[in-house]
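One structure below.
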Amino acid sequence: MNQSSYLAAIAILATIALTVHLIEKCAPSKDSPAHLASIDGLRGYLAAFVFLHHASIWYFYLHTGIWRVPPSNLFTHFGESSVVLFFMVSGFLYFSKLFAAKLRPIDWRKLYISRLFRLAPLYFFALLLLVLIVAIKTDGQLKQAPLDLLAAIARWAGFSLFGTPDINGLEGTALIIAGVSWSIAYEWVFYSLLPLSACAFGIRPPTRWLLLGWCGIIIAIGMHAAPKILGMFLGGLVAAALVRSKRFCQLARHQVSSVLCIACLVVLVILFRSAYHFAAVALLTIPFALIAGGNNLFGLLSNATAIAMGRISYSVYMLHGIILFVAFDMVAAPQASPSLLVHWANTLLLTPVVVVLSFLSFRYIERPAMEFASACARRRENKSP
98 MNQSSYLAAI AILATIALTV HLIEKCAPSK DSPAHLASID GLRGYLAAFV FLHHASIWYF
158 YLHTGIWRVP PSNLFTHFGE SSVVLFFMVS GFLYFSKLFA AKLRPIDWRK LYISRLFRLA
218 PLYFFALLLL VLIVAIKTDG QLKQAPLDLL AAIARWAGFS LFGTPDINGL EGTALIIAGV
278 SWSIAYEWVF YSLLPLSACA FGIRPPTRWL LLGWCGIIIA IGMHAAPKIL GMFLGGLVAA
338 ALVRSKRFCQ LARHQVSSVL CIACLVVLVI LFRSAYHFAA VALLTIPFAL IAGGNNLFGL
398 LSNATAIAMG RISYSVYMLH GIILFVAFDM VAAPQASPSL LVHWANTLLL TPVVVVLSFL
458 SFRYIERPAM EFASACARRR ENKSP
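Residue numbering for the sequence shown is 98 to 482, as defined by this note's numbering.
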């Protein structure tokens, strides 16, 4: 990839930030101030980087017909390192709950209901769009035995824990969402293992939740979950342990720590072709722990636009692949092989579409579901003696 790709990445990130800023000006968010501003801002950038990663993959896919990471280390890390950091964010948030559980006992039912309503509505909306696109691509004809078709959709509906098979004979069905659902499966495995993890913190969850943990182990074995992927959540454990120290948090907020964060990321991109190695994950843990401790990378992570980007990060993550697929496979001629400049120009034009649709998705799918889960939790608490 040449210099134009890096300039395009800057232009696309700027367009995302500008679009988010304009939307927030026109329709200000009613959400409460972020409790972990740097973490929320980080999420926004990570989702944007994943979008860039898959946009670059699409360029080579249109030329070669092979879906694989781009030849650029930077664009590879836009995707892989972002996923690693997403896992660390989850690990940090929930291991922090375990550290605090002796003072604030975990309501396991509330935790899992919250997770279900946080992830499921948008996931199923994306799945609905995926099935609709499959129907269009297969000309509305049944090309698979009805029971096999239902079984394939059911496996997808299990948050990809049971695989992501082709639907109705459409080869490469998973490419419609850029294959992102595999990370949702690992998130659910991690959540299911939390009750067992709690035992290591001296916490004894009720038996039914321990059984859920054992079910998580069985599912992880069944889906051939890679230990090195599950191990990425442990970066969040390291961060959760470190931020308990006031001294560490003071050091993390220092500007020198911002320089250290950036230096670690530069070294990562230069030395590692992939983020899915122990040494790369260990290196990523350093800037993540500092960010979890309050570092905001010279304000890049804590400004209002970054936090607003963070709010829609799940929608960007789940929907950008569908938008890229519709644009590059269905609207444009699939056999077309655009120049690199044309491809990035097209991606730049799609960027506001991704942001606007993600805002609508957050406002009308994600937020109502979260509010419903919160209302259910309040009603349950009010009924408690």
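No residue lacks a Cβ here, since even glycine has one placed at the ideal position from N, Cα and C.
Hey, which unbroken runs of the alpha helix (DSSP H) at 4 residues or more fall wholly within the stretch 168 to 208? 170 to 196
Check the C-beta distance from Leu159 over to Ala433 and give it rounded, since I have them as a contact under 8 Å. 7 Å
Report the rounded CA-to-CA distance for Phe422 versus Leu119, giving the unit in angstroms. 26 Å
Give me, in chain order, the residues of the same chain whose beta-carbon lies closer than 6 Å to that of Thr235; leave out the 5 immediate sequence neighbours on both sides. Asn265 and Leu267
I need the boundaries of the alpha helix (DSSP H) containing Val366, first residue and last residue. Gln352 to Leu368
Starting from Pro292, trace the alpha helix (DSSP H) in both directions and tell me its first and last residue. Ser278 to Cys296
Decide if the stretch 231 to 245 is in contact with the stretch 186 to 196; the criterion is three or more beta carbon pairs, one per stretch, under 8 Å apart. no
Would you mind stating whether Leu381 and Val364 have Cβ atoms separated by less than 8 Å? no
Are the stretch 390 to 399 and the stretch 335 to 353 touching by the rule of at least three beta carbon pairs closer than 8 Å? yes
Tyr414 versus Cys358: straight-line alpha-carbon distance, rounded: 24 Å
Do you know offhand how far Met427's Cα is from His321's? 33 Å
Which residue comes first and which comes last in the alpha helix (DSSP H) that contains Arg252? Pro243 to Ala254
The alpha helix (DSSP H) that contains Met406, what's its start and end? Ala401 to Arg408
From Cys123, Gly332, Leu139 and Gly418, pick the residue whose C-alpha is nearest to that of Met406; which is it? Leu139
Backbone CA spacing between Trp155 and Phe175 [nearest angstrom]: 14 Å
Rounded to the nearest angstrom, what separates Leu437 and Leu446 at their Cα positions? 14 Å
For Gly141, three-class secondary structure by DSSP: helix
Check whether Tyr373 and Ile281 have beta carbons under 8 Å apart: no
Beta-carbon proximity list for Ala349, same chain, < 7 Å, skipping 5 on both sides: Leu387, Gly390, Gly391 and Asn392
CB of Ala217 within 8 Å of CB of Thr444, strictly: no
Which whole-angstrom value is the C-beta distance of Phe222 and Ile419, which I expect to be below 8 Å? Not quite, the Cβ-Cβ distance comes to about 10 Å (not below 8 Å), so this is no contact.
Buried or exposed for Pro168, going by 16 or more other Cβ atoms inside 10 Å? exposed
According to DSSP, is Thr235 helix, strand or coil? coil
Would the stretch 140 to 148 and the stretch 468 to 481 be scored as touching if the rule is three or more Cβ pairs under 8 Å? no
Expressed to the nearest angstrom, what Euclidean distance is found between the alpha-carbon atoms of Ala114 and Met329? 28 Å
Whole angstroms is fine: what's the gap from Asp137's alpha carbon to Ser410's? 9 Å
Is Ile240 helix, strand or coil when you go by DSSP? In the sequence under discussion, the amino acid at residue 240 is Lys, which differs from the Ile named in the question. DSSP places Lys240 in coil when its eight states are reduced to three.
By the 10 Å Cβ neighbour count, where 16 or more other Cβ atoms means buried, how is Phe469 classified, buried or exposed? exposed
Output needed for Leu293: all residues of its chain with C-beta closer than 7 Å, excluding positions within five of it in sequence on either side, in chain order. Leu307 and Gly310
In this structure, does DSSP put Asn393 in helix, strand or coil? coil
Are the beta-carbon atoms belonging to Ala377 and Phe369 less than 8 Å from one another? yes
Under 8 Å between the Cβ atoms of Val353 and Ile316? no
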